[in-house]
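Notes to accompany the following structure.
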Ligand SMILES: CC(C)(COP(=O)(O)OP(=O)(O)OC[C@H]1O[C@@H](n2cnc3c(N)ncnc32)[C@H](O)[C@@H]1OP(=O)(O)O)[C@@H](O)C(=O)NCCC(=O)NCCS
């Protein structure tokens with residue numbers, strides 16, 4: 004899979020000692036550790052659960068890295084956040100991406116890392132991606148504010164999207180049309196700067 008290579012490594016404007024970059028198979032252990040940390044420390048934010056992913060073979064994480072764009076945020080050599088973009092090669096679906104797995108370690112939250120991750124995911128999205136969707140658990144105000152700030156708008160609510168031991172949870176569905184896409188009426192021209 005070929006990702007846009009124009010910004011292989013970027014610094015977070017809000018936090019200059021934070022960098023973001025797409026993860027590759029050499030970052031497998033970083034990916035697994037931040038993904039499992041996300042499920043453990045923010046269990047209500049995700050559809051997947053730690054108990055299931057922690058017993059998955061390493062190959063499953065490698066497959067996920069190969070099949071999707073995953074960006075990591077680093078601070079002092081340690082991975083402190085991640086975000087993924089899933090997409091589909093089928094001709095009628097290849098203009099769409101789906102943001103997943105957004106997580107920033109609590110110790111570095113509210114310092115621009117989440118924003119840097121979104122910028123990096125969109126900046127490294129494969130050519131041809133015109134719009135990005137996401138789903139977030141109703142009540143996750145931090146994530147909702149972050150996505151709104153980046154121009155994602157709500158297009159629906161999936162009632163009872165998740166069934167948890169504490170009951171059903173609705174998911175808010177959001178979309179962002181990238182710059183230059185036919186869905187973005189404010190923008191024209193090629194898909195270049197995407198935020
Ligand atoms: C949501 C999350 C990724 C935000 O990461 P972050 O690094 O703290 O976000 P940023 O510092 O880049 O914030 C950017 C903007 O998002 C909004 N925002 C972020 N956290 C917020 C909070 N707790 N309350 C209100 N607004 C918030 C603000 O508009 C903020 O800009 P500001 O700081 O200038 O006001 C982080 O809180 C997180 O990992 N939460 C747990 C996992 C999760 O909920 N993932 C989302 C799954 S859909």
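Residue numbers (the numbering used here): 4 to 198. Glycine included, C-beta positions come from ideal geometry on N, C-alpha and C.
Inter-residue Cα distance where the pair is residue i and residue j
i	j	result
residue 63	residue 36	13 angstroms
residue 124	residue 139	17 angstroms
residue 94	residue 114	39 angstroms
residue 22	residue 31	18 angstroms
residue 111	residue 148	17 angstroms
residue 196	residue 153	In this prediction, residue 196 has a pLDDT of 38, which is less than 50 and means its spatial position is unreliable; what the coordinates show is noted afterwards. Cα to Cα, residue 196 sits roughly 14 angstroms from residue 153.
residue 161	residue 174	5 angstroms
residue 120	residue 144	18 angstroms
residue 183	residue 58	42 angstroms
residue 40	residue 167	19 angstroms
residue 187	residue 155	11 angstroms
residue 78	residue 38	16 angstroms
residue 51	residue 26	21 angstroms
residue 129	residue 68	14 angstroms
residue 171	residue 47	12 angstroms
residue 116	residue 91	27 angstroms
Element boundaries [beta strand (DSSP E), containing residue i]
i	result
residue 86	81-90
residue 107	99-107
N-terminal and C-terminal residue of the alpha helix (DSSP H) that residue i is part of
i	result
residue 123	116-126
Contact test: residue i Cβ vs ligand 2 heavy atom, cutoff 7 angstroms
i	result
residue 184	By its list of ligands, the structure shown excludes ligand 2, since it contains just ligand 1.
Quiz item: Can you find at least 3 beta carbon pairs, one from the segment 127-146 and one from the segment 98-108, that sit closer than 8 angstroms?
Solution: yes
Practice problem: Pull every residue with its beta-carbon under 6 angstroms away from any heavy atom of ligand 1, and keep them in chain order. | Solution: 45, 48, 105, 106, 107, 112, 113, 114, 115, 116, 117, 118, 139, 143, 144, 145, 146, 148, 149, 152
Exercise. Go through the segment 39-78 residue by residue and report every complete run of the beta strand (DSSP E) that reaches 3 residues or more, in order.
Key: 71-78
Quiz item: What residue ranges within the segment 133-184 form continuous beta strand (DSSP E) runs of no fewer than 3 residues, ordered along the chain?
Solution: 134-140, 156-167, 170-180
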